[in-house]
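**Student:**
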Amino acid sequence: MIAKPSLYKDLDPKLKTWLYASGSLTQQLTELAGGIFKVVPTRQYFEKMSQVDSRWMKMPAHHIAWVRESLLYGCEQQAWVQAKSIFPIMSLQGRARLFQHIGDQPIGRYLFDRHRPLCQRRVLKLDAGWTRQSCYTWHGCRFIVQETFLSTFEDYLTQSAN
2 MIAKPSLYKD
12 LDPKLKTWLY
22 ASGSLTQQLT
32 ELAGGIFKVV
42 PTRQYFEKMS
52 QVDSRWMKMP
62 AHHIAWVRES
72 LLYGCEQQAW
82 VQAKSIFPIM
92 SLQGRARLFQ
102 HIGDQPIGRY
112 LFDRHRPLCQ
122 RRVLKLDAGW
132 TRQSCYTWHG
142 CRFIVQETFL
152 STFEDYLTQS
162 AN
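Numbering (our numbering), first residue to last: 2 to 163.
Printed below as a string of structure tokens:
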């Protein structure tokens, strides 16, 4: 579901800035947290791509993707962001093969290293929170990075503003 203008009335302006920020979320969260940042992968698996994602990436609906789910932490004990990366199998070639083997390293560390990938973005309101989905084209490979900003992150933004 893509966010409709009426949904934005519930959106904190500080969070809206994060949803539409360009560049590396890894770097931005690290700066906000005073140099502290951690990725904790929670699941990695293969699955058939959804109709919506395959259409957005202009790939066959039956295509299989490698999916990496993880939690992103700043300077607090609770996770700030729930991330999900979707790499179609045919995108895990060439330089992009490294993403399957980065373990607990952030994707942004590689994605934005000396290269500014092309990015299409959409913003959604999911049950877990406000989410941005970015479809990146990096060295000819296309994949989706989904980042859901959890309520703990919104709470931190509110507390740090006071």
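Beta carbons are placed, not taken as given, at the ideal position from N, Cα and C, and that holds for glycine.
1. With DSSP as the reference, identify every bridge partner of Phe100, one or two as the case may be.
2. With Lys17 as the anchor, note down where its alpha helix (DSSP H) starts and where it stops.
3. Look up Gln83 in the DSSP assignment and say whether it is helix, strand or coil.
4. Which same chain residues end up closer than 6 Å to Ile90 when comparing Cβ atoms and leaving out the 5 residues on each side of it in sequence?
5. Once DSSP output is grouped into helix, strand and coil, what is the label at Ser161?
6. Taking Thr27 as the reference, which of Glu48, Met50, Pro61, Ser71 has the closest Cα?
7. Taking Cβ to Cβ, would you say Thr138 is nearer than 7 Å to Pro118?
8. Closer than 8 Å by C-beta to Leu151: which residues in its own chain qualify, once you throw out the five before and the five after it? Chain order, please.
9. Closer than 8 Å by C-beta to Asp13: which residues in its own chain qualify, once you throw out the five before and the five after it? Chain order, please.
10. Going along the chain, which residues of its own chain have a beta-carbon closer than 7 Å to the beta-carbon of Leu99, five neighbours each way excluded?
11. Terminal residues of the continuous alpha helix (DSSP H) containing Thr25?
12. Please report whether the beta-carbon of Leu125 lies at a distance below 7 Å from any beta-carbon of chain B.
13. With a Cβ-Cβ cutoff of 7 Å, do Arg133 and Leu16 count as a contact?
**Tutor:** From the atom records:
1. Phe100 pairs with nothing; no bridge assigned.
2. 14 to 21
3. strand
4. The beta carbon of Ile90 sits closer than 6 Å to those of Ile65, all from its chain and outside the five residues before and after it, given in chain order.
5. Helix.
6. Ser71
7. Against a cut-off of 7 Å, the Cβ pair of Pro118 and Thr138 comes out as a contact.
8. Gln79, Ala80, Trp81, Val82, Gln83, Ala129, Gly130
9. The answer, listed in chain order, is Glu155, Leu158, Thr159.
10. For Leu99, the CB contacts under 7 Å within the same chain, skipping 5 residues up- and downstream, are Tyr111 in chain order.
11. The sequence as given places Ser at residue 25; Thr does not occur at that position. Segment: none, Ser25 is in no alpha helix (DSSP H) and carries neither H nor E.
12. Annotation note: the requested chain B is absent from the structure, which comprises a single protein chain.
13. no
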